[in-house]
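S.K.: Heads up: the sequence lines are chains A and B, in that order. Counting along the first sequence from 1, when you hit position 53 you're at 55 in the numbering used here, and nothing is skipped either side. Counting along the second sequence from 1, when you hit position 53 you're at 55 in the numbering used here, and nothing is skipped either side. A virtual CB, placed ideally from N, CA and C, is assigned to each residue, including glycine. On a predicted model such as this, the values are computed, not experimentally measured, just so you know. One structure, as structure tokens, below. Some questions next.
2 protein chains.
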Amino acid sequence: MKELELIKKLKQHSSLHGETKNIIKGIGDDCAILKPELNSYLSITTDTLVEKIHFDLNFISAYDLGKKTVLANVSDIAAVGGTPLWATLNIAFRNGLNDNFWNDFINGICDTLQEYKISLVGGDTVASSVLTINLTLIGAVIPEKWLRRDAAKVGDKIYVSGYLGDSAGGLKILNLNNNEKLDIGDSDRNYLIKRHINPSPQLELGKMLSSKGLVACAIDLSDGLATDLSHVCEESCAGAIIFADNIPISRETNNLSKLLRISPLELALKGGEDFELLWTANPSIEDEMLKEATKILGHRPYYVGQITEGKGVFLEQNGQKEEITYQGYEHGSYKTN
Amino acid sequence: MKELELIKKLKQHSSLHGETKNIIKGIGDDCAILKPELNSYLSITTDTLVEKIHFDLNFISAYDLGKKTVLANVSDIAAVGGTPLWATLNIAFRNGLNDNFWNDFINGICDTLQEYKISLVGGDTVASSVLTINLTLIGAVIPEKWLRRDAAKVGDKIYVSGYLGDSAGGLKILNLNNNEKLDIGDSDRNYLIKRHINPSPQLELGKMLSSKGLVACAIDLSDGLATDLSHVCEESCAGAIIFADNIPISRETNNLSKLLRISPLELALKGGEDFELLWTANPSIEDEMLKEATKILGHRPYYVGQITEGKGVFLEQNGQKEEITYQGYEHGSYKTN
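Have a look at this one:
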């Protein structure tokens, strides 16, 4: 694809939501000019994805790569209880990727932006020898009510929104050599790969937890429960205990773990990119929170542990306690937010 | 430098201006949370710089690279008449760069952010095989008064803020082989290289032109007068004529051009990265605009041409007219804003 066609496609998308999203000027000037919403704060998150570090084009289609680029950032907005509004997209592209690739990739990006009613307002496209994608999302949060990592209180119960370890399981299947046969059914295989490739950020849940004012502390599970909860504990100057028996693990991840002879708990605690939400709740508001969250999730959230005094994250299993602070997944990357 | 030290340094910087810059939460959560200024719009610009495409570490020090990364984005904010407030910085780093490099680079970034009172509020750092830097700047502009590319009117006079072609001249000197001797004095050499390495974005000028309401149309000269004015003409549905004799060219660029036997006009029209401002003004407000601009620049702005009916950019020289539409500098990149 000619670079100018790529730009044209991005511009077309950017004009879709102009009026409804307070875009005074989108693509086409030195800056995008945007009108912030009254009585809102801005929430900003940015991710860089590098080929072979964060994704492998043997395992993910161009369309799904575009989609996941957006979803991972939407999950960060979900974690603060925000509403995503605007995106900038920077692409450092390499040779050797054909028109179909770029078409599919841009469609993946644009379809997903559209799904979440996000407008593309700018970006930059440059040549490189390594495909590198940078997406920055700007959203709106409610002042005083946005969800933060540093607001967990001793005695709070810890909840997560869905099964943990599925994404890591999907990645394990994708990483198998062609020679390694795995006696797993198509349905399990497809479910786990889908959970890795097409995660579902918990945007509605985050917005509800924020707007109802029931909850103050949340994080999205991008680096595994052990690491992400460690962030919450460190920022909140508290500790946490996780009950192994309470961790929600899907039938499919349990099946896979048996086949691979690994512990499903390892996947659930240390596997990244589940993009579920973790939040903490004072027991006094638990009933209302559970009712509202269940409406959105279609199932009850999972109670997995408790915020404690002290520091560090511990796993309680068979009456034993084991420290698991920061034992999470690393992409070979760390983030400043 | 350990990655965590790098992050620590960035965090230290980010906390410097927190209170004065409406930062509710900077680095350390899923999103940065920011309070937009009342009665302002946001202006957003983003650049990706790739090693060997946009910079060569043989020619630019780590400190100056950090500095220029910020300056190029500040220039985009200047072009809309904005005030830069917040930055996110994404670094894809490669092996083989030592602690001194990272120290100097981060100092270059942070010193320059501080000079412009910009706060670093987030980012991402990842491993790669190619050093790739992405900076996104968010600023504030005055609604209805921000400067745009699409507001030039037929009959407007075209002004630029400073000498053109110096940066391209500096780059030519840097690109000479060791074998190519150039009989240029140290003072000329240093001036031109400095204009390439340490450009001075015209932030105060842009803010004045916007806030006084005298001017509606501006662009920063990052890709050369011929290309940047072509953007203005295309967006404004107009044409332009440039008078060759009026183009401001420094003594140093004239000297260099003689030595290299090239036309100084080529450097001025097609050389990139001068980061001067170009704006158009109705003759009726010319006197006041010139008075105010002269106060800021310390010299009168340069009147270089006129907005005309029709389309395309033409150069008038020795009574002849030649089309120069989009004959500018390309980094091998194009931008979506």
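Hey, how far is the Cα of B/N256 from the Cα of B/P266?
M.R.: Within the second sequence, residue 256 of chain B is the residue found at index 254, counting from 1. Within the second sequence, residue 266 of chain B is the residue found at index 264, counting from 1. Their Cα atoms are separated by approximately 6 Å.
S.K.: For a test of the three-state rule: what should DSSP assign to B/I144, helix, strand or coil?
M.R.: Looking up residue 144 of chain B in the second sequence gives position 142. Here B/I144 sits in coil by DSSP.
S.K.: Cα separation between A/T71 and A/V162?
M.R.: For the purposes of this step, residue 71 of chain A is taken as residue 69 along the first sequence, with counting starting at 1. For the purposes of this step, residue 162 of chain A is taken as residue 160 along the first sequence, with counting starting at 1. So the alpha carbons of these two residues sit roughly 23 Å apart.
S.K.: Would you report the Cα separation of B/V234 and B/L227, rounded to the nearest angstrom?
M.R.: Walking along the second sequence from the start, residue 234 of chain B turns up at place 232. Walking along the second sequence from the start, residue 227 of chain B turns up at place 225. So the two alpha carbons sit approximately 10 Å from each other.
S.K.: Would you check if the distance between the CB atom of B/I249 and the CB atom of B/T310 is smaller than 8 Å?
M.R.: Start at 1 with the first residue of the second sequence, and residue 249 of chain B comes out as number 247. Start at 1 with the first residue of the second sequence, and residue 310 of chain B comes out as number 308. Against a cut-off of 8 Å, the Cβ pair of B/T310 and B/I249 comes out as no contact.
S.K.: Which residues in chain A have a C-beta closer than 7 Å to the C-beta of B/K37? List them in chain order.
M.R.: Reading the second sequence from its first residue, position 35 is the one you call residue 37 of chain B. Going along chain A in sequence order, the residues near B/K37 (Cβ under 7 Å) are Y43.
S.K.: Three or more beta-carbon pairs under 8 Å between the stretch 122-142 of chain A and the stretch 167-186 of chain A, yes or no?
M.R.: No contact exists between the stretch 122-142 of chain A and the stretch 167-186 of chain A.
S.K.: Assign B/K337 to one of two classes, buried (16 or more other C-beta atoms within 10 Å of its C-beta) or exposed (fewer than that).
M.R.: As a first step, residue 337 of chain B must be located in the second sequence, where it is residue number 335. Unreliable positioning characterises B/K337 in this predicted model, as indicated by a pLDDT of 48, which lies under 50. The coordinate reading is nonetheless provided below. Buried.
S.K.: Do we get a CB-CB distance below 8 Å when we pair B/W104 with the residues of chain A?
M.R.: Indexing the second sequence from 1 puts residue 104 of chain B at position 102. Not an interface residue.
S.K.: Between the stretch 147-163 of chain B and chain A, which residues of the former have CB atoms less than 7 Å from a CB of the latter, in chain order?
M.R.: Here the close residues are W148, R150, R151.
S.K.: Against chain A, does B/I143 count as a neighbour if the rule is that its beta carbon must be under 8 Å from one of theirs?
M.R.: One-based indexing of the second sequence puts residue 143 of chain B at position 141. Per the sequence shown, the amino acid found at residue 143 of chain B is Val instead of Ile. Yes - at least one Cβ of chain A is within 8 Å of the one on B/V143.
S.K.: Could you name the residues of chain A that B/N136 contacts, counting a contact when the two beta carbons are closer than 9 Å?
M.R.: Here the question's residue 136 of chain B lines up with position 134 in the second sequence. Within 9 Å Cβ-Cβ: T48, T50, N92, A94, D126, T134, N136, T138.
S.K.: With which residues is B/Y65 paired in a DSSP beta bridge?
M.R.: To locate residue 65 of chain B, count along the second sequence from 1; it is residue 63. Partner(s): none; B/Y65 has no beta bridge.
S.K.: Using a C-beta to C-beta distance shorter than 7 Å, which residues of chain A count as neighbours of B/S131?
M.R.: As a working note, residue 131 of chain B is residue 129 in the second sequence. The answer, in chain order, is V132.
S.K.: At which residues does the alpha helix (DSSP H) containing A/Q116 begin and terminate?
M.R.: The count along the first sequence starts at 1 and reaches residue 116 of chain A at position 114. Element bounds for A/Q116: 101-117.
S.K.: Can you give me the C-alpha to C-alpha distance between B/N320 and A/I9, rounded to a whole angstrom?
M.R.: Residue mapping note: residue 320 of chain B aligns to position 318 of the second sequence, counting from 1. Residue mapping note: residue 9 of chain A aligns to position 7 of the first sequence, counting from 1. C-alpha separation (whole angstroms): 38 Å.
S.K.: Quick check: the Cα distance between A/G312 and A/I144, rounded to an integer number of angstroms?
M.R.: As a first step, residue 312 of chain A is located in the first sequence; it is residue number 310 there, counting from the start. As a first step, residue 144 of chain A is located in the first sequence; it is residue number 142 there, counting from the start. If you take the alpha carbons of A/G312 and A/I144, they lie about 31 Å apart.
S.K.: Under 8 Å by Cβ, that's how I've got A/A220 and A/L149 pegged, so tell me the actual separation to the nearest angstrom.
M.R.: By one-based count along the first sequence, residue 220 of chain A stands at place 218. By one-based count along the first sequence, residue 149 of chain A stands at place 147. Right, the Cβ-Cβ distance comes to about 4 Å (below 8 Å), so this counts as a contact.
S.K.: Return the Cβ separation of A/L279 and A/L207 in integer angstroms, given the expectation that the two are a contact with Cβ distance under 8 Å.
M.R.: Taking the first residue of the first sequence as 1, we reach residue 279 of chain A at position 277. Taking the first residue of the first sequence as 1, we reach residue 207 of chain A at position 205. Correct: roughly 6 Å between the Cβ atoms.
S.K.: Less than 8 Å between the beta carbons of B/A81 and B/D222, yes or no?
M.R.: Here residue 81 of chain B is taken as the residue at index 79 of the second sequence, counted from 1. Here residue 222 of chain B is taken as the residue at index 220 of the second sequence, counted from 1. Cβ atoms of B/A81 and B/D222: closer than 8 Å.
S.K.: Would you say A/G84 lies against chain B (beta-carbon separation less than 8 Å)?
M.R.: Numbered from its first residue, the first sequence carries residue 84 of chain A at position 82. Chain B contact via Cβ: present.
S.K.: Skipping 5 residues on each side, what residues in its chain have a beta carbon closer than 6 Å to that of B/G327?
M.R.: For the purposes of this step, residue 327 of chain B is taken as the residue at position 325 of the second sequence. Sequence check: residue 327 of chain B is Thr here, not Gly. Same-chain partners within the cutoff: S232, G314, V315.
S.K.: I need the DSSP call for B/E325, collapsed to helix, strand or coil.
M.R.: On the second sequence, residue 325 of chain B is found 323 positions in, with the first residue counted as 1. Of the three classes helix, strand and coil, the one that applies to B/E325 here is strand, per DSSP.
S.K.: Using a threshold of 8 Å, state whether the C-beta atoms of A/T50 and B/N92 are closer than that.
M.R.: Taking the first sequence and counting its residues from 1, the one referred to as residue 50 of chain A is at position 48. Taking the second sequence and counting its residues from 1, the one referred to as residue 92 of chain B is at position 90. Yes, they are a contact pair.
S.K.: What number of angstroms, rounded off, separates the C-alpha of B/G125 from the C-alpha of A/E275?
M.R.: As a working note, residue 125 of chain B is residue 123 in the second sequence. As a working note, residue 275 of chain A is residue 273 in the first sequence. C-alpha separation (whole angstroms): 18 Å.
S.K.: Can you tell me where the alpha helix (DSSP H) with B/I199 in it begins and where it stops?
M.R.: As a first step, residue 199 of chain B must be located in the second sequence, where it is residue number 197. 188-199 is the extent of the alpha helix (DSSP H) around B/I199.
S.K.: Could you confirm whether any beta carbon from chain B is found closer than 8 Å to the beta carbon of A/K10?
M.R.: To locate residue 10 of chain A, count along the first sequence from 1; it is residue 8. Closer than 8 Å: no.
S.K.: What does B/D101 touch in chain A if you count any residue whose Cβ is under 9 Å from its own?
M.R.: Working through the second sequence from its first residue, we reach residue 101 of chain B at position 99. Going along chain A, no residue has its Cβ under 9 Å from B/D101, so there is no contact; the nearest lies around 17 Å.
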